[in-house]
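Chemist: Residue numbers (the numbering used here): 2 to 324.
The structure is given below, and queries will be raised subsequently.
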């Protein structure tokens, strides 16, 4: 019996990996590929993952592209020793890039993880919900060093989906259509991350890709050791009250850690967010229409340069309601 379950789990994992490998290989807009090639230059990480609103909704003049760069070692991405150390202790580090691609200004937020960190943060035991929740959503592998690196990253993305589906079973309804389990899960992860988007955003993620989520749920349950029954269009994870109660307590710890972890990452970003001054200037222009001219000093020392910039913004009405 145990051998049969293991065989079924391996087969389900292979099915999930195949589905996700095909999804991750779907071509993206040519300007995204050009941006990545220009961003990397001579640097050769293991791979680059593209996700977020730019993937879901397309690219316009104000789109901020979202990338995760996966490296073998912290030192494989050029940055200071302090940034490498901070990324090892409290991943991921975030950077901001502005590049001209085919005569067009494009911007991106870039997070950096080692493959080992990606593997750990997509596992069920991690207390940090952010990475596995993010990569249980559609993602593209827009650049990879070699086939072996692509395979290793794809296995981590499959792991993220299995982790997400397990939590969906443990925290979700007793019986419901498959999409209801994903909707319940993302509502919880958004709260745990203290996201600012309204409550409709999490359900919109699933609505835009319903067929994908339906296709993945049961194989992910099988790979994750969740027994289930299905009847008509509804499914039911066969879990005891004790299992669900234990899971609720485990999730409560993760939800309580969301705020302090976010605060610690914000503090870390003050010292490690490369390109933070340009990112802030772009955000100000986007939300208020006020252009900020950055001096070399402001680029290098954004905290020291902040007071006169804030004074200028106040005088130009950036902080007034309706600005």
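Glycine included, C-beta positions come from ideal geometry on N, C-alpha and C.
These numbers come from a predicted model, not from an experiment.
Provide the residue(s) that pair with residue 68 in DSSP beta bridges, ordered along the chain.
Modeler: Here residue 68 refers to the residue found at position 67 when the chain shown is read from its first residue. In the DSSP output, where bridge partners are listed per residue, residue 68 has 51 and 111.
Chemist: Using the three-state DSSP reduction, which class does residue 32 fall into: helix, strand or coil?
Modeler: Within the chain shown, residue 32 is the residue found at index 31, counting from 1. Here residue 32 sits in helix by DSSP.
Chemist: With DSSP as the reference, identify every bridge partner of residue 1, one or two as the case may be.
Modeler: The displayed coordinates of the chain run from 2 to 324. Any statement about residue 1 would go beyond what the structure contains.
Chemist: On the DSSP letters alone, give me the boundaries of the alpha helix (DSSP H) that residue 215 sits inside.
Modeler: Working through the chain shown from its first residue, we reach residue 215 at position 214. Element bounds for residue 215: 211 to 224.
Chemist: What are the boundary residues of the beta strand (DSSP E) that includes residue 232?
Modeler: Counted from its first residue, the chain shown places residue 232 at position 231. Element bounds for residue 232: 229 to 232.
Chemist: Would you say residue 157 and residue 120 are within 8 Å of each other, going by their C-beta atoms?
Modeler: Translated into the one-based positions of the chain shown, residue 157 becomes position 156. Translated into the one-based positions of the chain shown, residue 120 becomes position 119. Closer than 8 Å, so yes.
Chemist: Using only alpha-carbon positions, find the residue among 99, 129, 116 and 23 that is nearest to residue 110.
Modeler: Translated into positions along the chain shown, residue 110 becomes position 109. Closest by alpha carbon: 99.
Chemist: Along the chain, which unbroken stretches of the beta strand (DSSP E) at least 3 residues long are found entirely within the segment 113 to 156?
Modeler: 141 to 145
Chemist: Mind checking residue 44: buried by the 16 CB within 10 Å criterion, or exposed?
Modeler: Taking the chain shown and counting its residues from 1, one reaches residue 44 at position 43. By the 10 Å Cβ count, residue 44 comes out exposed.
Chemist: State the CB to CB distance for the pair residue 184 and residue 207, rounded to an integer number of angstroms; the pair is presumed to be in contact (CB under 8 Å).
Modeler: Translated into positions along the chain shown, residue 184 becomes position 183. Translated into positions along the chain shown, residue 207 becomes position 206. Separation of the CB atoms of residue 184 and residue 207 is rounded to 5 Å, and the pair is thereby assigned contact status at 8 Å.
Chemist: Helix, strand or coil: how does DSSP classify residue 179 here?
Modeler: Reading the chain shown from its first residue, position 178 is the one you call residue 179. Residue state for residue 179 is assigned as helix, using DSSP reduced to three classes.
Chemist: By Cβ distance, which residues of its chain are closer than 7 Å to residue 125, with the 5 residues on each side in sequence left out?
Modeler: Here residue 125 refers to the residue found at position 124 when the chain shown is read from its first residue. Closer than 7 Å at the Cβ level, and outside the excluded window around residue 125, lie 164 and 167.
Chemist: Which residues bound the alpha helix (DSSP H) around residue 237?
Modeler: Here residue 237 refers to the residue found at position 236 when the chain shown is read from its first residue. Run containing residue 237: none in the alpha helix (DSSP H); it sits in the beta strand (DSSP E), 235 to 238.
Chemist: Along the alpha helix (DSSP H) that carries residue 44, what are the first and last residues, could you check?
Modeler: For the purposes of this step, residue 44 is identified with residue 43 of the chain shown, where counting begins at 1. Element bounds for residue 44: n/a, residue is neither H nor E.
Chemist: Taking residue 261 as the reference, which of 14, 129 and 6 has the closest Cα?
Modeler: In the chain shown, counting from the first residue as 1, residue 261 sits at position 260. Minimum Cα distance to residue 261 is reached at 129.
Chemist: Between which two residues does the alpha helix (DSSP H) holding residue 88 run?
Modeler: Mapped onto the chain shown, residue 88 falls at position 87. Where residue 88 is concerned, the enclosing alpha helix (DSSP H) stretches over 82 to 90.
Chemist: Thinking C-beta only, is residue 139 closer than 8 Å to residue 24?
Modeler: As a first step, residue 24 is located in the chain shown; it is residue number 23 there, counting from the start. As a first step, residue 139 is located in the chain shown; it is residue number 138 there, counting from the start. Their beta carbons are under 8 Å apart, which means residue 24 touches residue 139 by this criterion.
Chemist: Does the beta-carbon of residue 90 have 16 or more other beta-carbons within 10 angstroms, so that it is buried, or is it exposed?
Modeler: As a working note, residue 90 is residue 89 in the chain shown. Its Cβ having fewer than 16 others within 10 Å, residue 90 is exposed.
Chemist: Taking 7 Å as the limit between beta carbons, can you name the residues of its chain near residue 180, skipping five residues before and five after?
Modeler: As a first step, residue 180 must be located in the chain shown, where it is residue number 179. Result list for residue 180: 207, 211, 214 and 215, in chain order.
Chemist: Would you please state the rounded distance, in angstroms, between the beta carbons of residue 37 and residue 141? I believe it to be under 8 Å.
Modeler: Here residue 37 refers to the residue found at position 36 of the chain shown. Here residue 141 refers to the residue found at position 140 of the chain shown. Their Cβ separation, rounded to whole angstroms, is 10 Å, which puts residue 37 and residue 141 out of contact at 8 Å.
Chemist: For a quick check, are the C-beta atoms of residue 72 and residue 47 less than 8 Å apart?
Modeler: Within the chain shown, numbered from 1, the residue matching residue 72 stands at position 71. Within the chain shown, numbered from 1, the residue matching residue 47 stands at position 46. Yes, the pair counts as a contact, with Cβ atoms nearer than the cut-off.
Chemist: According to DSSP, is residue 7 part of a helix, a strand, or is it coil?
Modeler: For this step, residue 7 is matched to residue 6 along the chain shown. Three-state DSSP puts residue 7 in a helix.
Chemist: Who pairs with residue 105 in a beta bridge, going by DSSP?
Modeler: Here residue 105 corresponds to residue number 104 of the chain shown, with the count starting at 1. In DSSP, residue 105 forms a bridge with 102.
Chemist: Which residues in the same chain as residue 35 place their Cβ atom closer than 6 Å to its Cβ, once the five residues preceding and following it in sequence are excluded?
Modeler: Here residue 35 refers to the residue found at position 34 of the chain shown. Result list for residue 35: 102, in chain order.
Chemist: So residue 248 and residue 172 are in contact, right, with Cβ under 8 Å, and what is the actual spacing, rounded?
Modeler: Here residue 248 refers to the residue found at position 247 of the chain shown. Here residue 172 refers to the residue found at position 171 of the chain shown. Confirmed, Cβ separation roughly 6 Å.
Chemist: Measuring straight from C-alpha to C-alpha, what distance separates residue 15 and residue 194?
Modeler: Reading the chain shown from its first residue, position 14 is the one you call residue 15. Reading the chain shown from its first residue, position 193 is the one you call residue 194. Between residue 15 and residue 194, the C-alpha separation is close to 30 Å.
Chemist: For the putative contact between residue 220 and residue 227, defined by C-beta atoms under 8 Å, what is the C-beta separation to the nearest angstrom?
Modeler: Indexing the chain shown from 1 puts residue 220 at position 219. Indexing the chain shown from 1 puts residue 227 at position 226. Going by Cβ atoms, the distance from residue 220 to residue 227 rounds to 11 Å, so no, they are not a contact pair.
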